[in-house]
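**Student:**
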DNA sequence: TTAAATTCCTCTAGAGACTAGAGCATTTCG
DNA sequence: CGAAATGCTCTAGTCTCTAGAGGAATTTAA
Ligand SMILES: [Zn+2]
Ligand SMILES: [Zn+2]
Ligand SMILES: [Zn+2]
Ligand SMILES: [Zn+2]
């Protein structure tokens, strides 16, 4: 039986975060010691590692909740799990595209300023005041 | 004199957001009508457009607050403004790098699953359970 | 065995950048 | 003049945690 601190050390998930996941319904409510402290076993360790890995890949809590509930029906088809992952991949790609546009615009703005003149002539300030100076939309 | 709704229509910033910016100290507290409604003039329009553009470029409230206070000292050197923009550009680039790693990993995971088998054999679920199947870190 | 050190408990609040809604007041238009 | 549109303040909710208060349980060392 592991304490919440043990679980935390073994998974790299902070103690309050573990309690938060329990509250959000990702982890089943743990058994308790006589003194009301949480006690975990191997299965909880695995599930928390699953959650952690999914979070690291950027999935949100509700997606993880779905994935967990899917994984509890091993004989069902995996189409839903596939869709969740594909949707997330799509969202990540869209985010990258947006950030790339920002990056281009910001790089252009920064390149016009050598940091060595007065604010009133500064291209950084001027281009923030006037989107007309930008190349694209954002 | 413009009402808050006029300002909103002309800048594309929603009314509650304008009030929020005032509360955060980005916009000066507006003059008021006899009936206590906010009244704006041209200068406020320009400042709000500045804020909006900076937000669209991903700068956060505190960076914008700094930029505004810098722009009120037109004769000072622009090194600080330059630094704020460069730091932000750097942060955007780092975010892109992280997302690209996620994208690769997710694309790999999704490509191993055709969505047409049982959950217990599903590569999506298995790779979430085991980071060892991943190519890189995240 | 007992005292000290560590870990644990619950609950509340805060982060960031808004957004939604309640309940009421003012302004505008026909 | 009366209805519709717009405005006001205040509170609470979004999301994923994180920090802290105040107190209880557990572990370690003397
Ligand atoms: Zn400059
Ligand atoms: Zn622009
Ligand atoms: Zn599959
Ligand atoms: Zn991984």
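Chains as they are written, first to last, in the UniProt record's numbering: chain A, 1 to 138; chain B, 1 to 138. C-beta: ideal position from N, C-alpha, C; glycine also.
#1: Identify, in the order they occur along the chain, each residue of the same chain with its Cβ nearer than 7 Å to the Cβ of residue 112 of chain B, setting aside the five sequence neighbours on each side.
#2: Shorter than 6 Å, the distance from the beta carbon of residue 110 of chain A to the closest heavy atom of ligand 6, or not?
#3: According to a CB-to-CB cut-off of less than 9 Å, which residues of the region 112–130 of chain B neighbour chain A?
#4: Per DSSP, what kind of secondary structure is residue 74 of chain B in: helix, strand or coil?
#5: Would you call the region 86–98 of chain B in contact with the region 51–71 of chain B, where contact means no fewer than 3 C-beta pairs closer than 8 Å?
#6: Run through DSSP, which three-state label would residue 99 of chain B get?
#7: Evaluate residue 54 of chain B with the Cβ neighbour count: other Cβ atoms within 10 Å of its Cβ, from every protein chain shown; 16 or more gives buried, anything less gives exposed.
#8: Which chain B residues are close to residue 35 of chain A, counting only those with a beta carbon under 8 Å from its beta carbon?
#9: Could you work out which residue in A:28, A:24, A:39 and A:81 is closest to residue 6 of chain A when comparing CA atoms only?
#10: Distance check for residue 82 of chain B and residue 110 of chain A, CA to CA, integer angstroms please.
#11: Please state the DSSP three-state secondary structure of residue 120 of chain A.
#12: List, in chain order, every chain B residue whose beta-carbon is nearer than 7 Å to that of residue 95 of chain A.
#13: Assuming residue 77 of chain B contacts residue 116 of chain A (C-beta within less than 8 Å), just tell me the rounded distance between them.
#14: Rounded to whole angstroms, what's the CA-CA distance from residue 21 of chain B to residue 65 of chain B? Just pull it up for me.
#15: Return the residues of the region 59–87 of chain B that lie within a Cβ-Cβ distance of less than 9 Å from chain A, sorted by chain order.
#16: Would you say residue 103 of chain A lies against chain B (beta-carbon separation less than 7 Å)?
#17: May I ask you to report which of helix, strand or coil DSSP gives residue 2 of chain B?
#18: Nearest to residue 47 of chain B by alpha carbon, out of A:126, A:136 and A:137?
#19: Going by the DSSP bridge assignment, what does residue 38 of chain A pair with across the sheet?
#20: At a CB-CB cut-off below 7 Å, which residues of chain A make contact with residue 57 of chain B?
#21: Could you spell out the range, first to last residue, of the alpha helix (DSSP H) harbouring residue 137 of chain B?
#22: How big is the Cα-Cα spacing for residue 100 of chain A and residue 27 of chain B?
#23: Excluding sequence positions up to five away, which residues of its chain have a Cβ less than 8 Å from the Cβ of residue 86 of chain B?
#24: At the level of alpha carbons, what is the spacing between residue 132 of chain A and residue 118 of chain A?
#25: Could you confirm whether any beta carbon from chain B is found closer than 7 Å to the beta carbon of residue 7 of chain A?
#26: Find the residues of chain B that neighbour residue 92 of chain A, judging by a C-beta separation of less than 7 Å, and give them in chain order.
#27: Considering only heavy atoms of ligand 4, list every residue whose Cβ is less than 5 Å from one of them, following chain order.
#28: State yes or no: is the C-beta of residue 92 of chain B nearer than 6 Å to some heavy atom of ligand 1?
#29: Using the beta-carbon of each residue, which ones in chain A are nearer than 8 Å to residue 13 of chain B?
**Tutor:** This is what the structure gives:
#1: Excluding positions up to five away in sequence, the list reads 123.
#2: Within the structure as shown, ligand 6 is missing, the only ligands being ligand 1, ligand 2, ligand 3 and ligand 4.
#3: Listed by position along the chain: 113, 114, 115, 116, 117, 118, 119, 120, 121, 122, 123, 124, 125, 127, 128, 129 and 130.
#4: Residue state, collapsed to three classes: coil.
#5: Pairwise C-beta distances place the region 86–98 of chain B in contact with the region 51–71 of chain B, as three or more of them are shorter than 8 Å.
#6: In the three-state DSSP reduction, residue 99 of chain B falls in the helix class (H, G or I).
#7: Of the other Cβ atoms in all chains shown, 16 or more fall within 10 Å of the Cβ of residue 54 of chain B; this residue is therefore buried.
#8: Neighbourhood of residue 35 of chain A in chain B, by CB distance below 8 Å: empty, with the nearest CB roughly 32 Å away.
#9: The option with the nearest alpha carbon to residue 6 of chain A is A:39.
#10: Roughly 7 Å between the two C-alpha positions.
#11: Note: residue 120 of chain A maps to helix in three-state DSSP.
#12: Against chain B, the beta carbon of residue 95 of chain A has neighbours under 7 Å at 99, listed in chain order.
#13: So it is a contact: roughly 7 Å between Cβ atoms.
#14: Across the structure, residue 21 of chain B and residue 65 of chain B are spaced so that their CA atoms are roughly 10 Å apart.
#15: Within the region 59–87 of chain B, contact with chain A at the beta-carbon level (separation under 9 Å) is assigned to 59, 64, 67, 70, 71, 72, 73, 74, 75, 76, 77, 78, 79, 80, 81, 82, 83, 84, 85 and 86.
#16: For residue 103 of chain A, the answer is yes, since a Cβ of chain B falls inside 7 Å of its Cβ.
#17: The answer is strand: DSSP assigns residue 2 of chain B an E or B state.
#18: Nearest neighbour of residue 47 of chain B by Cα position, chosen from A:126, A:136 and A:137, turns out to be A:126.
#19: For residue 38 of chain A, which the question treats as bridged, DSSP gives the partners A:32.
#20: In chain order: 102, 105, 106 and 138.
#21: First-last for residue 137 of chain B: undefined, no H or E at that position.
#22: Taking the straight line from one Cα to the other gives about 29 Å.
#23: Same-chain partners within the cutoff: there are none.
#24: Using only the alpha carbons, I get a separation of about 22 Å.
#25: So no, residue 7 of chain A is outside the interface.
#26: Correct list: 99, 102, 103 and 106.
#27: Those residues, listed in chain order, are B:131 and B:134.
#28: For ligand 1, not one heavy atom lies less than 6 Å from the Cβ of residue 92 of chain B.
#29: Near residue 13 of chain B there are no residues of chain A at all, since even the closest Cβ is about 13 Å away, more than 8 Å.
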